[in-house]
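Chemist: Handing you a structure now.
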Amino acid sequence: MRILVANDDGYLAPGLAALADRMRGLGEIFVIAPESNHSGASNSLTLSRPLTVREATNGFRYVNGTPTDCVHIALTGLLDQRPDLIVAGINNGQNMGDDTIYSGTVAAAMEGYLFGVPAIAFSQIEKGHAHLDAAADVAADVVARFLRDPLPAPVLLNVNIPNRPREELRGMRVTRLGKRHHSEPVIRAANPHGEPIYWIGAAGVAKDAGPGTDFHAVENGYVSITPLQIDLTHCGQMGSVEQWLQRGPN
Ligand code: MN
């Protein structure tokens, strides 16, 4: 089995080392990650300049680009053979609900999925990587299951893991994405020249966090596994937009 390992926190991130370490026992691994932290990069590709791939002393490749650049380059230019699975993470912080739109961790996995490779994104809920070993155990467990018993259609799984010791994790739940309130406002400050500068504010708190959601599962001590899809078409609105168009200009 060939496993491509990536992340968005950068090639020096502890979550990447922990994930790569556990994947090593399950297959032949190839690790590629951004040179610097690209959390929140979503699915961006770098098109305005060339990219460089370098190799760290531990064998990890790093790219002066985005998570999506990393997986894209690996799949289209570096690997002789297509991997059987792509894993991303373990992210320093949750990727639930609306986070999945902005997440570079999910994007790294999604890039593989777009190329037809099954992909799994792993995130720990709280920042700081408390109980990272337990999260890596969970990742190894999920991947081992997948390799032994692959899901039939190509999958993109979004896995969120509570920061708990292994024995305090209550199991795994298949969930749907919840929803957050709007983000906190930007934080305005001034630079040394007196010009205003802005920091993007924190994500909103959970709004739809009822039973069945990712938020609800992790709140109750379960690992959340959400199968994701990509088609953004709002099929339910096609009829009303069609009618709106038919009414003509006036
Ligand atoms: Mn991140």
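In terms of my numbering, the sequence shown opens at residue 6 and continues consecutively. The C-beta atom is built at its ideal place from N, Cα and C for all residues, glycine as well.
1. For Q86, which three-state DSSP category applies?
2. Does DSSP put E200 in a helix, in a strand, or in coil?
3. Give the straight-line distance between the Cα atoms of A126 and G244, rounded to the nearest whole angstrom.
4. Apart from the five residues just before and just after S108, which ones in its own chain have a Cβ nearer than 6 angstroms to its Cβ?
5. Give me whichever residues DSSP pairs with E60 in a beta bridge.
6. What do you get for V143, buried or exposed, if any count of 16 or more other CB atoms within 10 angstroms of its CB means buried?
7. Which word fits S41, buried or exposed, when buried means at least 16 other C-beta atoms lie within 10 angstroms of its C-beta?
8. Are the region 43 to 54 and the region 25 to 33 in contact at 8 angstroms, needing three or more beta carbon pairs?
9. For the ligand MN, list every residue whose C-beta falls under 6 angstroms from any of its heavy atoms, going in chain order.
10. Pick from Q234, L250, H239: whose alpha carbon is nearest that of E116?
11. Assuming D103 is part of the alpha helix (DSSP H), what are its boundary residues?
12. For L9, list the residues DSSP reports as bridge partners.
13. The beta strand (DSSP E) spanning A211 covers which residue range?
14. Check whether the region 92 to 106 touches the region 212 to 219, taking contact to mean three or more Cβ pairs, one atom from each stretch, closer than 8 angstroms.
15. Compute the beta-carbon to beta-carbon distance between I130 and R178, rounded to the nearest angstrom, for a pair I have assumed lies under 8 angstroms.
16. Specify the secondary structure class of I78 as computed by DSSP and reduced to three states.
17. Could you check whether the Cβ of L52 sits closer than 9 angstroms to any Cβ belonging to chain B?
18. With P123 as the anchor, note down where its alpha helix (DSSP H) starts and where it stops.
19. Can you tell me which of the three DSSP states V191 falls into?
20. To which residues of the same chain is L137 closer than 8 angstroms at the C-beta, ignoring the five residues directly before and after it?
21. Report buried or exposed for H221, applying the criterion of at least 16 other Cβ atoms within 10 angstroms of its Cβ.
Modeler: Let me lay it out:
1. coil
2. coil
3. 35 angstroms
4. N100
5. R66
6. buried
7. exposed
8. no
9. D13, D14, S44, N96, N97, G109, T110
10. Q234
11. Where D103 is concerned, there is no enclosing alpha helix (DSSP H), given that its DSSP letter is neither H nor E.
12. F35, I91
13. 211 to 213
14. yes
15. That pair is no contact at about 14 angstroms.
16. helix
17. You won't find chain B in this structure, because it holds only one protein chain.
18. That residue, P123, is in no alpha helix (DSSP H); it is neither H nor E in DSSP.
19. coil
20. P19, G20, A23, I95, Q129
21. buried
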